[in-house]
Amino acid sequence: MAQELIRIEVAKNLVLTVARFGDDDTPSLTSSRPSATPSPSPPTPPIIYSTKPKLPFNSSLLGESFNNEEEKQSPPSPPLPLIPIEMHFMLSAPAFAAHATPPLDWNVTIDPMFVYATPLHSTVPYASLEPATIPHEKAITIRCPQLLWNIDVNALNNRRVTVHDVFHTIYRNLRTPITHEEYENMAADPENLEAVIRAYEARYRAIRDDPAARKLEKGKGLKRVDMLTTHVMFAGLSATDKPNEFILNVRSS
11 MAQELIRIEV
21 AKNLVLTVAR
31 FGDDDTPSLT
41 SSRPSATPSP
51 SPPTPPIIYS
61 TKPKLPFNSS
71 LLGESFNNEE
81 EKQSPPSPPL
91 PLIPIEMHFM
101 LSAPAFAAHA
111 TPPLDWNVTI
121 DPMFVYATPL
131 HSTVPYASLE
141 PATIPHEKAI
151 TIRCPQLLWN
161 IDVNALNNRR
171 VTVHDVFHTI
181 YRNLRTPITH
191 EEYENMAADP
201 ENLEAVIRAY
211 EARYRAIRDD
221 PAARKLEKGK
231 GLKRVDMLTT
241 HVMFAGLSAT
251 DKPNEFILNV
261 RSS
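If you use the working numbering, the sequence shown corresponds to residues 11 to 263, in order.
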């Protein structure tokens with residue numbers, strides 16, 4: 011039977027060939043695509059990096075929702091105010107300054123066992139456990155303008171600094187022998203050094219009833235308490251702008 015070929019272009023580059031053999035024959039379909047050599051891809055251009063200045067942040071560009079969130083954020087809380095510390099009346103400098111008769115009579119060159127309360131002139135128990143401050147503190151620092159160091163007072167019972175702790179620590183600290191460095195600092199001021207030596211001589215000569223004890227005290231040399239010269243009478247502690255720090259006030263004997 012005669013074969014009839016029908017070419018139909020159904021799309022670009024796609025042609026269908028229909029072979030027809032007769033009225034009752036089913037045509038067969040074949041497709042052909044013209045071969046084409048693919049063109050090479052264009053070269054990839056090089057990547058060029060550029061540095062641009064960073065624009066300042068502008069919250070107005072982010073809309074109202076962002077700005078409303080900023081307004082909802084609460085400001086930082088202010089720091090809590092410091093709680094004022096109240097000193098025991100036997101340690102308070104204002105109590106000494108406000109009365110003609112101070113509440114306490116203590117020469118810091120003498121063991122605080124012999125501290126006297128005025129005006130009754132009764133002894134103050136050396137082992138007093140009354141708190142030195144309200145609220146209670148486990149440690150305080152004492153400074154004195156005439157001294158070159160701080161006096162750190164720690165609670166002996168690890169709970170609170172007591173009146174006893176303050177008296178005992180001040181006395182023990184002032185009984186420390188003067189170091190070579192401290193002596194050199196005093197020697198830079200001859201008049202001050204002379205006053206310190208006079209205080210040392212007056213201190214050991216005050217032991218009149220026991221020549222052996224007087225000789226022993228003389229042999230121990232200069233002590234820190236001598237740097238106070240004639241200002242050896244305790245005049246209380248005054249607060250500073252730093253927490254747990256106080257100034258040791260002394261007056262002339």
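Every residue gets a Cβ at the ideal spot worked out from N, C-alpha and C, and that includes glycine.
In the three-state DSSP reduction, leucine 232 falls in the coil class, being neither helix nor strand. In the DSSP assignment, the residues bridged to alanine 149 are Asn164. DSSP places leucine 101 in the coil class of the three-state scheme, outside both helix and strand. Remark: C-beta atoms of leucine 247 and serine 138 do not approach each other more closely than 8 Å.
DSSP places leucine 238 outside any alpha helix (DSSP H), giving it a letter other than H or E. Bridge partners of isoleucine 257 according to DSSP: Arg153 and Ser248. Between the alpha carbons of aspartate 115 and proline 104 lies a gap of roughly 15 Å. Distance between isoleucine 257 and arginine 169, taken at the CA atoms: about 22 Å. Residue environment for lysine 252: exposed (fewer than 16 other C-beta atoms within 10 angstroms of its C-beta). In this structure the region 198 to 212 does not touch the region 156 to 174; the number of beta carbon pairs closer than 8 Å is below three.
Within its own chain, the residues whose Cβ lies closer than 8 Å to the Cβ of threonine 172, once the five positions on either side in sequence are excluded, are Ser138, Leu139, Glu140, Pro141, Ala142, Ala165 and Leu166, listed in chain order. A check of alpha carbon separations from valine 125 across Ile144, Thr239, Met100 and Phe106 identifies Met100 as the nearest. In its chain, beyond the 5 residues on either side, Ala209, Ser262 and Ser263 have a beta carbon closer than 7 Å to the beta carbon of threonine 240.
Nearest C-alpha to methionine 196 among Ile152, Lys233 and Pro122: Lys233. In the structure shown, isoleucine 144 falls within a strand segment according to DSSP collapsed to helix, strand and coil.
The beta-bridge partner set that DSSP reports for threonine 172 consists of Pro141.
When beta bridges are read from the DSSP output, proline 113 appears opposite no residue. Under the DSSP assignment, valine 125 falls outside any alpha helix (DSSP H); it carries neither an H nor an E label. No Cβ-Cβ contact shorter than 8 Å links alanine 249 with valine 260.
When C-alpha distances from arginine 215 are compared across Cys154, Gly229, Phe177 and Ile95, the shortest belongs to Gly229.
For glutamate 96, DSSP records a beta bridge to Ile144. Isoleucine 150 and glutamate 96 have their C-alpha atoms roughly 13 Å apart. No Cβ-Cβ contact shorter than 8 Å links threonine 119 with valine 206. DSSP lists Lys233 as the beta-bridge partner residues of proline 187. It is roughly 19 Å from the alpha-carbon of arginine 182 to the alpha-carbon of glutamate 255. Going by DSSP, isoleucine 217 is part of no alpha helix (DSSP H) at all; its letter is neither H nor E.
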